[in-house]
Every structure is written in structure tokens, then in C-alpha cells.
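Notes follow the structure.
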Ligand SMILES: [Zn+2]
């Protein structure tokens, strides 16, 4: 078993489905200057295999962004070697910006002032969002 020491202050992102760790790492932490470890394919009773990310000197992480990638994720906030808070990734009901409307004729592609806004209409295996401008359904994928 690979030994990685615990962290004094920081966050542990746990129960990441094996394979998603790298995506999350690239999306959220590729430019951090804090010590960060990505553990891949750790044995898990719940998932079989899982990935874990530990990052020091950090208190917050975007739970919506995590939820878009993987809904099983739990986030442990560690302060002075103590578990301070346990959070769960959330699936965002509404997304502003960040994703693009799938409809090529949608006004959000041509009008800079039309910030795309989407509402979750289905979260069953994949996340489907409806554009508030043209009502086209956009399936969220990374
Ligand atoms: Zn649209």
C-alpha cells in the first residue's frame, strides 16, 4: 500500500470514480502553487477503485464543478489535523456561462451580452441542461 501522509491544513477530495481524478486535477489544480497529490486507483469498498486528491493550505473548492464531473465525491476539510467539515459535491440546478449552447443558431453565440444560462432538466446518467434563450437541450460533458 502506497503511503501518503495526512495533511494538517487543506482539503481531501475523496470517492472520486477511478479515472476522474486526473480530469479534476487538470480542471481545478493544474495551476496551484500549493502541495497537491493525486492518488489513482486506490481500493475502495464503495467504488472498487477510486481516486483521491489532497491539497494543502486550501479551504474551498467549487462543489458545483466537482458535481458536474462526478456526483459521488465527498470533500473533507482538514484544519490542524482535525476533520473540520465534510461536504458533498452538488449537481448545479442552474449554470451561468461555462458551457456553450448546443444550438448553433442560439443568440448566445453571437451576442456578447447574452450570457448563456442553463437549467437542469434531467440528471440520469448524464446531465441535461435547457438553454434559457432557445430552450435547446445541451448535454453536459467534459
Ligand atoms: Zn441556446
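In the working numbering, the protein residues as written are 775 to 916.
Cβ atoms here follow ideal geometry from the backbone N, Cα and C, with glycine treated the same way.
Quick caveat, the model's predicted, so the values are computed rather than measured.
So residue 815 is in the beta strand (DSSP E); what residue range does that whole segment cover?
By 1-based counting over the chain shown, the position of residue 815 is 41. That run of the beta strand (DSSP E) goes 810-818.
Verify whether the separation of the beta carbon atoms of residue 912 and residue 875 is less than 9 Å. Here residue 912 is taken as the residue at index 138 of the chain shown, counted from 1. Here residue 875 is taken as the residue at index 101 of the chain shown, counted from 1. The answer is yes: Cβ separation under 9 Å.
Practice problem: Might you give, ordered along the chain, the residues of its own chain that have their beta carbon closer than 7 Å to the beta carbon of residue 794, omitting 5 neighbours on each side? | Solution: The residue labelled residue 794 in the question sits at position 20 within the chain shown. So the list reads 825, 843 and 844, once near-sequence residues are dropped.
**Message:** Can you tell me which residues form a DSSP beta bridge with residue 869?
**Reply:** As a position in the chain shown, residue 869 is number 95, starting the count at 1. The partner list for residue 869 (beta bridge, DSSP) reads 892.
_Does the beta-carbon of residue 914, which I'm using as the reference point, lie nearer than 8 Å to any heavy atom of ligand 1?_
As a position in the chain shown, residue 914 is number 140, starting the count at 1. No, Cβ of residue 914 sits at least 8 Å from all heavy atoms of ligand 1.
Verify the contact flag: residue 907, CB atom, against every heavy atom of ligand 1, threshold strictly below 8 Å.
-> In the chain shown, counting from the first residue as 1, residue 907 sits at position 133. Yes, the beta carbon of residue 907 sits closer than 8 Å to at least one heavy atom of ligand 1.
Exercise for review: Give the straight-line distance between the Cα atoms of residue 848 and residue 869, rounded to the nearest whole angstrom.
Suggested key: Against the chain shown, residue 848 aligns to sequence position 74. Against the chain shown, residue 869 aligns to sequence position 95. Computed Cα separation, rounded: 21 Å.
*Is residue 792 closer than 9 Å to residue 820 when the C-beta atoms are compared?*
Position 46 of the chain shown holds residue 820. Position 18 of the chain shown holds residue 792. No. Outside cutoff.
*Can you name the residues that DSSP bridges to residue 856?*
Position 82 of the chain shown, counted from the first residue, corresponds to residue 856. Per DSSP, 853.
- [ ] Please classify residue 783: does DSSP put it in a helix, a strand, or coil?
- [x] If you number the chain shown from 1, residue 783 lands on position 9. Reduced to three states, the DSSP call for residue 783 is coil.
Q. What does residue 823 pair with, by DSSP beta-bridge criteria?
A. Here residue 823 corresponds to residue number 49 of the chain shown, with the count starting at 1. Residue 823 pairs with 817.
Provide the residue span of the alpha helix (DSSP H) that contains residue 837, from first to last.
Reading the chain shown from its first residue, position 63 is the one you call residue 837. Per DSSP, residue 837 belongs to the alpha helix (DSSP H) from 837-843.
Checklist entry - So does the region 800-820 actually touch the region 854-864, counting three or more Cβ pairs closer than 8 Å? => result no
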